[in-house]
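**Student:** Mind having a look at this structure? Questions to follow.
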Amino acid sequence: MTIKQKSIDLKTAIPGPKSVELLKRREEHVPRGPFNTVPSFIEKAEGALVTDVDGNTLLDFAGAIGSLNAGHCPPNVVAALREQIDKYLHPSFHVLMYEPYIKLAEKLNEITPGTHKKKTFFLSSGAEAVENAIKIARKYTGRKAIISFERGFHGRTYMAMSLTSKVKPYKYGFGPFAPDTYKMPYPYYYRTPDGMTCEEVDEQIIKEFQTFFLSEVPAEEVAAVIMEPVQGEGGFVIPSKTFVQKVKRICEENGILFIADEVQTGFGRTGKMFAMEHFDVVPDLMTMSKSIAAGLPISAVTGRAEIMDAPNVGEIGGTYGGSPLGCVAALEVIKIMEEQKLPERANHIGETIVEFFRELQERVPFIGEVRTLGAMTSIEIVKTKSGKEPDKEVTGKILAECHKRGLVLMSAGLYGNIIRILSPLVITDEQLHEGLSVLNEVMLEQI
C-alpha cells in the first residue's frame, strides 16, 4: 500500500527537550516502580495518533495496554463526558444512585455471552473486578480454592497478584501470597514438545486436572477456575476451542464456577465483542475493564443473577465503583462498537498484520511465530527458528528503535520476547501500513 501522507511526524528526537525536563521531574517526585514504555510526555491524542509536548506526532500500536479499542478521545465519548460533567461528578452509587449505572448494567447484561438472567456491578480497575469475582465465587459456592493458569495475568492487587503467573516484575518480594490459589498449565502450541499434536497437548492438560483433584485439592473444595480467553501479558497465547470447552465441562461436572477474565480481550479486540464467543462457552462470571470506557477507570463483574446475588448488602462495592463518568463513557463506547462494527474491523486489522508478518517471516530469521485472534496480535522473537530460544535482547532493540521512529509498541510474554500489537480499532488502513513499514525497516536492520 502506498502511504500518501505519513502520520508520524517527528520534530525532535525522542525524548525531546520538554520531555527531558519532565523526565527529570518525574525522577525526583515519582517512585521508580511505575514503568514507562516511551520516554515522552503526551500533549493531546485522537484516534491512533498521539502528539507529545515537543510537537512530535506518534502512531499508537499499544493503545494504553489495550484500553483504547475505540481510540483516543472518541468525539461522542468526549461529548457525553462534557454533558455529564455539567450535571454531577461522583455522588457515589452507595450514597446517591444515578441512572447511567443502571443503564450500563442493563446493556452489559444484554450483550455478554449467554441468554440467562444476569446482573452486573461496577468497580474501578480490572484487578478490583477480579478480586470481587473471587469473593462472589467463594460466597456462592462456600468453597475456598481458586485455580488460575500458568503465564496468566490478573492484576497487581493481593488476590489478583496471587493468581498471576509471572514472578518478576509482578510478585518478586511481595509475598506471602493469598492461600488456596493454584495454577494449572495452559496450552502453548508453539512450544509444544516435539512430536505432540495440539490435541494431545489439550488432552494432557485436561488429565492433569483430574490428577490435581486427587493430589492437591478435591474438586468439591474448588470455588472457581479463572481463565483469560487469550493470555495477554503471557504473550497473546490462544487456546483451542476444545480446550476451553473441556475446562468448562470439568467445572460444570464438579460445581465449580468458570470465570472469564475479559479485561484485555473484551470490547471488540478479538473480532467479537467478547473473546469467549469464539469458544462457544458461556462463563458463570465475567470481569471487564480497559476498553470498556475508552480509557476511563471503570470495571465490571457480570454473572448469573443467582451467583451475583450471593453476597449480602454491603459485602461488595467501593466508593468509586461505577463512576458516572465511566458509565456514560462506556455506554458511548458500546454504541461506537456496534455502529462502526469495530469487532469486524478488528478481524481486518488482524488479517492485515498477519499477512504482513508471514511474508516478512521468510526474510527475518528471528520471527518465530505470528499469532492473532482478531486484532490481538503478537510476534514471537527467537534466536533461531529451530531452537525457539526466546530473544528478549533483540525484542528490546526492536522496540527501542521503533519508539525513536515514532511508533509506540510494547512487549509481553514470560520471557519478554513477544511484540504485542494493540492498536486502536479505529486506526486507518494507511496508518496501519505506516506502522508496519516502520516495523519492517527496524526488523530488517536487526538481521
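Numbering (the numbering used here), first residue to last: 19 to 465.
The C-beta atom is built at its ideal place from N, Cα and C for all residues, glycine as well.
1) In the DSSP assignment, find the unbroken alpha helix (DSSP H) run with Ala278 in it and report its ends.
2) Tell me which residues share the same chain as Leu314 and place their Cβ nearer than 7 Å to its Cβ, disregarding the 5 neighbours each side in the sequence.
3) In the structure shown, what three-state DSSP assignment does Val68 receive?
4) Just verifying my parser: in three-state terms, what is the DSSP assignment at Gln228?
5) Between which two residues does the beta strand (DSSP E) harbouring Tyr200 extend?
6) Using DSSP's beta-bridge definition, name the partner residues of Arg438.
7) With Met306 as the anchor, note down where its beta strand (DSSP E) starts and where it stops.
8) For Thr402, count neighbouring Cβ atoms within 10 angstroms of its own Cβ and tell me buried if that reaches 16, exposed if not.
9) Between the Cα of Phe417 and the Cα atoms of Ile244, Gln282, Asp78, which residue gives the shortest distance?
10) Are the stretch 182-194 and the stretch 346-363 touching by the rule of at least three beta carbon pairs closer than 8 Å?
11) If you count every other CB in all the chains shown that lies within 10 Å of the CB of Gln23, and 16 or more means buried, which is it?
12) Report buried or exposed for Pro118, applying the criterion of at least 16 other Cβ atoms within 10 angstroms of its Cβ.
13) Based on Cα-Cα distance, which residue from Pro52, Glu64, Asn87 lies nearest to Ile439?
14) Suppose only complete runs of 4+ residues qualify. What are the alpha helix (DSSP H) ranges in the stretch 162-190, listed by chain order?
15) Residues in the same chain with beta-carbon distance under 8 Å from Ile103, minus the five sequence neighbours each way, listed in chain order, please.
16) With distances taken Cα to Cα, identify the nearest neighbour of Tyr116 among Met202, Thr370, Phe140.
17) What distance in whole Å lies between the Cβ atoms of Ile445 and Ile367, which are believed to be in contact at a cut-off of 8 Å?
18) Measuring only the C-alpha atoms, how far is Leu40 from Val262?
19) Tell me whether Asp447 sits in a helix, a strand or coil according to DSSP, three-state version.
20) Ordered along the chain, which non-local residues of its own chain (more than five positions away) have a Cβ less than 6 Å from that of Leu122?
21) Please report the straight-line C-alpha distance between Tyr158 and Asp72, rounded to a whole angstrom.
22) Let's test the definition: count the other Cβ atoms within 10 Å of the Cβ of Val255 and tell me whether it reaches 16, buried, or not, exposed.
23) Would you check if the distance between the CB atom of Phe292 and the CB atom of Gly284 is smaller than 8 Å?
24) Across the stretch 162-175 and the stretch 121-137, are there enough close Cβ pairs to call them in contact, namely three or more that are closer than 8 Å?
25) Just mark Ala323 as buried or exposed, buried being the case when its beta carbon has 16 or more other beta carbons within 10 Å.
26) Mind checking whether Glu400 and Phe384 have CB atoms under 8 Å apart?
27) Mark Gly160 as exposed unless 16 or more other C-beta atoms lie within 10 angstroms of its C-beta, in which case mark it buried.
28) In the DSSP assignment, what residue or residues form a beta bridge with Ile387?
29) Do you know how far the Cα of Ile152 is from the Cα of Ala196?
30) Which one of Thr55, Phe59, Ser25 has the shortest CA to CA distance from Pro35?
31) Thr288: buried (16+ other C-beta within 10 angstroms of its C-beta) or exposed?
32) How is Phe375 classed by DSSP in three states: helix, strand or coil?
33) Counting Cβ pairs closer than 8 Å, one from the stretch 242-261 and one from the stretch 269-286, do we hit at least three?
34) Consult DSSP for His134 and reduce its assignment to one of helix, strand or coil.
35) The alpha helix (DSSP H) that contains Ile32, what's its start and end?
36) Taking DSSP's pairing of strands, which residues face Phe140 in a bridge?
**Tutor:** In short, the structure shows the following:
1) As a position in the sequence shown, residue 278 is number 260, starting the count at 1. Per DSSP, Ala278 belongs to no alpha helix (DSSP H); it is in the beta strand (DSSP E), 275-279.
2) The residue labelled residue 314 in the question sits at position 296 within the sequence shown. These residues qualify, in order along the chain: Leu343, Gly344, Ala347.
3) Here residue 68 corresponds to residue number 50 of the sequence shown, with the count starting at 1. Strand, per DSSP.
4) Position 210 of the sequence shown, counted from the start, is the residue given in the question as residue 228. It is helical.
5) Residue mapping note: residue 200 aligns to position 182 of the sequence shown, counting from 1. Counting along the chain, the beta strand (DSSP E) containing Tyr200 begins and ends at 199-202.
6) Taking the first residue of the sequence shown as position 1, residue 438 is located at position 420. In the DSSP output, where bridge partners are listed per residue, Arg438 has Ser396, Met428.
7) Translated into positions along the sequence shown, residue 306 becomes position 288. It spans 303-306 - the beta strand (DSSP E) in which Met306 sits, taken as one unbroken run.
8) To locate residue 402, count along the sequence shown from 1; it is residue 384. Burial call: exposed.
9) Your numbering for residue 417 matches position 399 in the sequence shown. Residue identity check: residue 417 is Leu in the sequence provided, not Phe. Leu417 has its Cα closest to that of Asp78, out of Ile244, Gln282, Asp78.
10) no
11) Counting from 1 along the sequence shown, the entry for residue 23 is found at position 5. By the 10 Å Cβ count, Gln23 comes out exposed.
12) Locating residue 118 in the sequence shown gives position 100, where the first residue counts as 1. Label assigned to Pro118: buried.
13) Against the sequence shown, residue 439 aligns to sequence position 421. Answer by Cα proximity: Asn87.
14) 176-181
15) For the purposes of this step, residue 103 is taken as the residue at position 85 of the sequence shown. Once the five neighbours on either side are set aside, the close Cβ partners of Ile103 are Leu343.
16) Along the sequence shown, one-based indexing puts residue 116 at 98. Selected option, being the one with the closest Cα: Phe140.
17) In the sequence shown, the residue the question calls residue 367 occupies position 349. In the sequence shown, the residue the question calls residue 445 occupies position 427. Rounded to whole angstroms, the Cβ separation of Ile367 and Ile445 is 7 Å, and the two are in contact under 8 Å.
18) Here residue 40 refers to the residue found at position 22 of the sequence shown. Here residue 262 refers to the residue found at position 244 of the sequence shown. Those two C-alpha atoms are separated by around 46 Å.
19) Here residue 447 refers to the residue found at position 429 when the sequence shown is read from its first residue. Under the three-state reduction of DSSP output, Asp447 falls in the helix class.
20) For the purposes of this step, residue 122 is taken as residue 104 along the sequence shown, with counting starting at 1. The answer, listed in chain order, is Cys345, Ala348, Leu349.
21) As a working note, residue 158 is residue 140 in the sequence shown. As a working note, residue 72 is residue 54 in the sequence shown. Each residue's CA atom was taken as its position, placing Tyr158 and Asp72 some 53 Å apart.
22) The residue labelled residue 255 in the question sits at position 237 within the sequence shown. Val255 comes out buried.
23) The residue given as residue 292 occupies position 274 in the sequence shown. The residue given as residue 284 occupies position 266 in the sequence shown. Closer than 8 Å, so yes.
24) no
25) Here residue 323 refers to the residue found at position 305 of the sequence shown. Classification for Ala323: exposed.
26) Taking the first residue of the sequence shown as 1, we reach residue 400 at position 382. Taking the first residue of the sequence shown as 1, we reach residue 384 at position 366. In the sequence under discussion, the amino acid at residue 400 is Val, which differs from the Glu named in the question. It is a contact, given that the beta carbons lie within the stated cut-off.
27) Here residue 160 is taken as the residue at index 142 of the sequence shown, counted from 1. Around the CB of Gly160, fewer than 16 other CB atoms lie within 10 Å, so the residue is classed as exposed.
28) For this step, residue 387 is matched to residue 369 along the sequence shown. According to the sequence displayed, residue 387 carries Glu and not Ile. Looking at the DSSP assignment, Glu387 forms a beta bridge with Glu398.
29) The count along the sequence shown starts at 1 and reaches residue 196 at position 178. The count along the sequence shown starts at 1 and reaches residue 152 at position 134. If you take the alpha carbons of Ala196 and Ile152, they lie about 12 Å apart.
30) Indexing the sequence shown from 1 puts residue 35 at position 17. Checked all of Thr55, Phe59, Ser25; the closest Cα to Pro35 is Phe59.
31) As a first step, residue 288 is located in the sequence shown; it is residue number 270 there, counting from the start. By the neighbour-count rule (16 or more Cβ atoms within 10 Å), Thr288 is buried.
32) Position 357 of the sequence shown, counted from the first residue, corresponds to residue 375. Here Phe375 sits in helix by DSSP.
33) Judged by Cβ distances under 8 Å, the stretch 242-261 makes contact with the stretch 269-286, as three or more pairs qualify.
34) As a position in the sequence shown, residue 134 is number 116, starting the count at 1. It is coil, neither helix nor strand.
35) The sequence position of residue 32 within the sequence shown is 14, counting from 1. Segment: none, Ile32 is in no alpha helix (DSSP H) and carries neither H nor E.
36) As a working mapping, residue 140 is identified with position 122 in the sequence shown. Looking at the DSSP assignment, Phe140 forms a beta bridge with Ala318.
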